[in-house]
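Here's the structure we're looking at; comments come further down.
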Ligand SMILES: *Cc1c(COP(=O)(O)O)cnc(C)c1O
């Protein structure tokens, strides 16, 4: 098998699999000649909400916008504090700041990389918090029940960042089906990805859904009558039609992702490469498969030398990003997140990987040896 090349992702393969259906979906929209806020978008919103177990779905322009608009719809804005985790990708923080709120961070549980409810309890004891945005990072559900308890104790709103958690399950229910306001991204490389930018918010609350529908469409209640000051962030008809075509396969794709992840878990036996824990009673969407390696750069080079591409999610925590210096944090403020960001590296994981490719990745990981200590 040597000489095999395993790319970190392969959207060409992904598109080729059902290409005719995607072409037909686009053609249908072009023939109809209606491109924004039409029947495809409405159908997808309902199908997505039903698929995850929520009453309402509202399509928006991106996952970042979903977070921004969800906070806005809940009345969170300038002067408010919103808590999230340091080891997420930057859009979580960007969405919070777009709402005008101040980002406050809370450390994660080092075994799962997810928001630590005990750390959150310490944060809410110190500052007045209006909202909390836990991230179901890598597709693994954050401990929502414990986080919701902390939120309720101080009257904070819970908004979930589920951009990586399509069809992840928490205590037997899909993420999105536990009653809260949940933000989705359909960025092309997500488990359900559009062929461009797209996002959604799901909720059981009819008023929040109504607010979101207005906010994404310049605050219009009906044509040219503006009830709110809103913005422009909509899911277009072409993306909605493509997402509908893909949604039929999401179960199958998730099953394949999980079976690859299960093989990684059971067959990777190199003590230098540690897998992250999945929280109890949860099933990850397996969006990413991060492992922890002390000599990470050395490991990535080794994998590359064997033809396997690995990426880091994410190398720099929010509080140490150049753009987020204004948050006022320093190195050492979130030790668990910092250690994770220094050691995590993601192995290729997508439904179109062949069994041979999966075997090759496992084989390369198991043959990895540490670099010799400096003399
Ligand atoms: C992808 C992602 C987002 C942002 O989604 P976009 O659609 O790219 O704006 C937000 N949060 C997390 C955790 C993500 O992975």
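Residue numbers (my numbering): 364 to 738. Idealized CB from N, CA, C, for every residue including glycine. Computed from a predicted structure; not experimentally measured.
Can you determine whether any heavy atom of ligand 1 sits closer than 7 Å to the C-beta of residue i, and answer yes or no?
i: residue 527; result: yes
i: residue 704; result: no
i: residue 440; result: no
i: residue 565; result: no
i: residue 454; result: yes
i: residue 709; result: no
i: residue 647; result: no
i: residue 548; result: yes
i: residue 427; result: yes
i: residue 498; result: yes
i: residue 451; result: yes
i: residue 590; result: no
i: residue 539; result: no
i: residue 609; result: no
i: residue 368; result: no
i: residue 422; result: no
i: residue 479; result: no
i: residue 599; result: no
i: residue 536; result: no
i: residue 524; result: yes
What is the DSSP secondary structure of residue i, counted as helix, strand or coil?
i: residue 585; result: strand
i: residue 673; result: coil
i: residue 603; result: helix
i: residue 653; result: strand
i: residue 505; result: coil
i: residue 565; result: strand
i: residue 422; result: strand
i: residue 443; result: coil
i: residue 547; result: strand
i: residue 393; result: helix
i: residue 630; result: helix
i: residue 692; result: coil
i: residue 647; result: coil
i: residue 710; result: strand
i: residue 524; result: strand
i: residue 614; result: helix
i: residue 388; result: helix
Would you mind working out which of the options sits nearest residue i, comparing C-alpha positions?
i: residue 542; options: 721, 413, 718, 678; result: 413
i: residue 605; options: 727, 391, 648; result: 391
i: residue 404; options: 623, 677, 601, 384; result: 601
i: residue 570; options: 697, 643, 438; result: 438
i: residue 659; options: 645, 649, 677, 608; result: 677
i: residue 518; options: 407, 689, 443, 704; result: 443
Does the Cβ of residue i lie closer than 7 Å to at least one heavy atom of ligand 3?
i: residue 734; result: Ligand 3 is not among the ligands present in this structure, which contains only ligand 1.
Would you grab the beta carbon distance between residue i and residue j for me? Rounded to a whole angstrom, and I think it's under 8 Å.
i: residue 653; j: residue 501; result: 6 Å
i: residue 522; j: residue 494; result: 6 Å
i: residue 418; j: residue 599; result: At roughly 24 Å, the Cβ-Cβ gap does not stay under 8 Å, so residue 418 and residue 599 are not in contact.
i: residue 447; j: residue 468; result: 7 Å
i: residue 597; j: residue 579; result: 5 Å
i: residue 713; j: residue 373; result: 7 Å
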